[in-house]
Amino acid sequence: VGVLFIDLDDFKVVNDTLGHATGDQLLIAVAGRIAGALRADDTAARLGGDEFAALVENVQDPGAVEETATRILAALSEPIIVDGGSLQAVASIGITTTPEADTADALLRQADLALYVAKGAGKNQWRRYQSHLHSAMVERLELRSALDHAVNEGHFLLQFQPIVDLATDEAVGFEALVRWHHPQRGIIAPDEFIEVAEESGLIVPMGRWVLDQALHTVAQWRRILPRARQPYVSVNVSVRQFRQSGFVEQVKASLEYAGVPARALMLEITETLLMGDDEQIWADLAVLQELGVRIAIDDFGTGYSSLGYLRQRPIDVLKIDKTFIDDMVGSEQQLALVAGIVSLARTLNLTVVAEGIEDATHRLILAQLGCPLGQGYYYSAPLDATEALAWLRNPLPLAVA
Ligand code: C2E
Ligand code: MG
Ligand code: MG
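Below, the structure is given as structure tokens:
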């Protein structure tokens, strides 16, 4: 037999933004689609929430179970009409078959592990359980439950990396970067847990903490420093956070609570957030910009294929991805691209921040191109709040490569 574990991707977003009644309608439609993609001998079930399963019997060829998974994904990809609006259900699927295991419990556990791998692989995919991946799969699950614990216990800290005016080498702001202080493993970098935080929804409470903590810190700095040198703080916001209802209100409330003006806050979003031209997102960004919060496109150049959106949309800053800066020195073409982005931004009245400035050559080239701002190890690695304040007061001695 083959067992498929099916879990909707981002179903919570549907509930949060369109309401539970619409969520219920979507689940009913999904159940129909899944049942319709199975053969007469197979069994479909709803396990709870947005989790479904299928049992495929009399399997002669393991490929047949994979075909079933592909059929289910295809069946779900057709738009679903709910309340007169069109929705699309996207799912991840974990698969296993006998004889990988010979008890029902073990099969279900394997399918569940494979599902986590599918989720981690970027959703809308299926993955088959592989015994040699067992420990990696278990690790991912453990990471998720440890992260859940960390969110409840507040085991995070923020570091701040200076964003520097390339003409004067003075910091104008800081990017807040989250770290996980793991009781056994020590400090863990975000690349190791942001993805799991996003897929589990833990990014929402974590992100709220990051925003509050970043504003609290910048508020302290601004009380101490002379007016002309008060920095802003730039906070990364993931799609999932942004799409939760009430995000704009949350930002407003956090600003008020910290007692800092909206100008002191920049939000970094990645281009992928903007894909699909979701008008609600643009409207929310416009409200934030109207308040005075600045909006930056992070990792610019790595995501969206069309530049048209830059023109009329509520965007203030482009952060050129580090990969462009890395390659700029050895390649005329890369250099031309960076020069192009800088001049495009100037024409559109946007500010540019170059990311990943690692040496004096990078800095020199960028300054010559007229790139106004930059950040990178050349100036400083991310620092603790007190180190950042010291840097702000006296940037030069620490700014050695
Ligand atoms: P990002 O927003 O593009 O942040 C820049 C990353 O590049 C940071 O890594 C920073 O430490 C690193 N970096 C800065 N200068 C240099 C350099 O000169 N050379 C090199 N090799 N690296 C440099 P970090 O802190 O590990 O963050 C990685 C990513 O995690 C961030 O990329 C961001 O996408 C995400 N992230 C960090 N904090 C948060 C957060 O609070 N919320 C969310 N949603 N995502 C976050
Ligand atoms: Mg960033
Ligand atoms: Mg970046």
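By our numbering, the letter at position 329 of the sequence shown is numbered 468, and the numbering carries on one by one without gaps.
All C-beta atoms in this analysis are idealised placements derived from N, C-alpha and C, irrespective of residue type, glycine included.
These numbers come from a predicted model, not from an experiment.
Requested in this report: Classify H159 as helix, strand or coil using the three-state DSSP reduction.
Outcome: For this step, residue 159 is matched to residue 20 along the sequence shown. Reduced to three states, the DSSP call for H159 is helix.
Query raised in the report: So is A524 buried or exposed if we call it buried at 16+ other beta carbons inside 10 Å?
Result: Start at 1 with the first residue of the sequence shown, and residue 524 comes out as number 385. Buried is the call here.
Requested in this report: Within 10 angstroms of the Cβ of S225, are there 16 or more other Cβ atoms? Answer buried if so, exposed if not.
Outcome: Start at 1 with the first residue of the sequence shown, and residue 225 comes out as number 86. Exposed.
**Report entry** Per DSSP, cross-strand counterpart(s) of D146
**Finding:** Taking the sequence shown and counting its residues from 1, one reaches residue 146 at position 7. Beta-bridge pairing links D146 to E190 and S231.
Query raised in the report: What first and last residue would you give for the beta strand (DSSP E) that runs through K391?
Result: The residue given as residue 391 occupies position 252 in the sequence shown. Looking at the DSSP string, K391 is not in any beta strand (DSSP E); the run it does join, the alpha helix (DSSP H), is F386 to A397.
Report task. Indicate whether the contact test is met: 3 or more Cβ pairs, each with one atom in the region 325-336 and one in the region 511-520, closer than 8 Å. Result -> No, they do not touch.
Query - Around ligand 2, Cβ to any heavy atom closer than 6 Å, ordered along the chain - result: E314, N375, E407 and D437
Query raised in the report: Just curious, the alpha helix (DSSP H) that L424 is in, first and last residue?
Result: The residue labelled residue 424 in the question sits at position 285 within the sequence shown. Bounds of the alpha helix (DSSP H) holding L424 are E418 to L430.
Query raised in the report: Would you report the Cα separation of P536 and I420, rounded to the nearest angstrom?
Result: Counted from its first residue, the sequence shown places residue 536 at position 397. Counted from its first residue, the sequence shown places residue 420 at position 281. Residue placement at P536 is flagged as unreliable, the pLDDT there being 45, under the threshold of 50; the coordinate-derived value follows with that caveat. Between P536 and I420, the alpha-carbon positions lie close to 42 Å from each other.
Query raised in the report: Roughly how many angstroms separate the alpha carbons of L297 and L354, rounded to a whole number?
Result: Against the sequence shown, residue 297 aligns to sequence position 158. Against the sequence shown, residue 354 aligns to sequence position 215. So the two alpha carbons sit approximately 11 Å from each other.
Query raised in the report: Would I173 pass as a contact of A208 if the rule is Cβ separation under 8 Å?
Result: On the sequence shown, residue 173 is found 34 positions in, with the first residue counted as 1. On the sequence shown, residue 208 is found 69 positions in, with the first residue counted as 1. Result no, Cβ atoms of I173 and A208 do not sit closer than 8 Å.
Query raised in the report: What does DSSP give as the partner residues of L573 in its beta bridges?
Result: Absent from the model: residue 573. The displayed extent of the chain is 140 to 540, so no value can be given.
Query raised in the report: Less than 8 Å separating the beta-carbons of L487 and R450?
Result: On the sequence shown, residue 487 is found 348 positions in, with the first residue counted as 1. On the sequence shown, residue 450 is found 311 positions in, with the first residue counted as 1. Contact: yes.
Query raised in the report: Is the Cβ-Cβ distance between R382 and T156 less than 8 Å?
Result: Taking the sequence shown and counting its residues from 1, the one referred to as residue 382 is at position 243. Taking the sequence shown and counting its residues from 1, the one referred to as residue 156 is at position 17. In contact: R382 and T156 (Cβ atoms closer than 8 Å).
Query raised in the report: Is DSSP giving A538 helix, strand or coil here?
Result: Translated into the one-based positions of the sequence shown, residue 538 becomes position 399. For A538, the predicted structure reports a pLDDT of 45, less than 50, and the residue's modelled location is therefore unreliable. A value from the coordinates is still provided. It is coil, neither helix nor strand.
Report task. Let me know the secondary structure DSSP gives T242 once reduced to three states. Result -> The residue labelled residue 242 in the question sits at position 103 within the sequence shown. Of the three classes helix, strand and coil, the one that applies to T242 here is coil, per DSSP.
Query raised in the report: Cα-Cα, which of P511, M467 and L476 is closest to T500?
Result: By 1-based counting over the sequence shown, the position of residue 500 is 361. Per the Cα distances, M467.
Query raised in the report: So is the beta-carbon of E334 under 7 Å away from any non-hydrogen atom of ligand 1?
Result: Position 195 of the sequence shown, counted from the first residue, corresponds to residue 334. Outside the cutoff, so no.
Query raised in the report: Alpha carbon to alpha carbon, what distance is there between S482 and L503?
Result: Locating residue 503 in the sequence shown gives position 364, where the first residue counts as 1. Locating residue 482 in the sequence shown gives position 343, where the first residue counts as 1. Using only the alpha carbons, I get a separation of about 17 Å.
Report task. Apply the 10 Å Cβ neighbour rule to N375 and answer buried if 16 or more other Cβ atoms are within range, or exposed otherwise. Result -> Against the sequence shown, residue 375 aligns to sequence position 236. So N375 counts as buried.
Query raised in the report: Do you know how far the Cα of E497 is from the Cα of G340?
Result: Mapped onto the sequence shown, residue 340 falls at position 201. Mapped onto the sequence shown, residue 497 falls at position 358. The straight-line gap from Cα to Cα measures roughly 34 Å.
Query raised in the report: Counting Cβ pairs, one atom from each stretch, are 3 or more of them under 8 Å apart for the region 247-266 and the region 308-318?
Result: no
Requested in this report: Output yes or no for whether 8 Å exceeds the beta carbon distance between E337 and S377.
Outcome: Translated into positions along the sequence shown, residue 337 becomes position 198. Translated into positions along the sequence shown, residue 377 becomes position 238. Yes, these two residues count as a Cβ contact at 8 Å.
Query raised in the report: Using a Cβ-Cβ distance under 8 Å, would G223 count as near chain B?
Result: Considering every chain present, this structure includes no chain B. It has just one protein chain.
Query raised in the report: Taking contact to mean at least 3 C-beta pairs separated by less than 8 Å, is the region 318-325 in contact with the region 363-372?
Result: no
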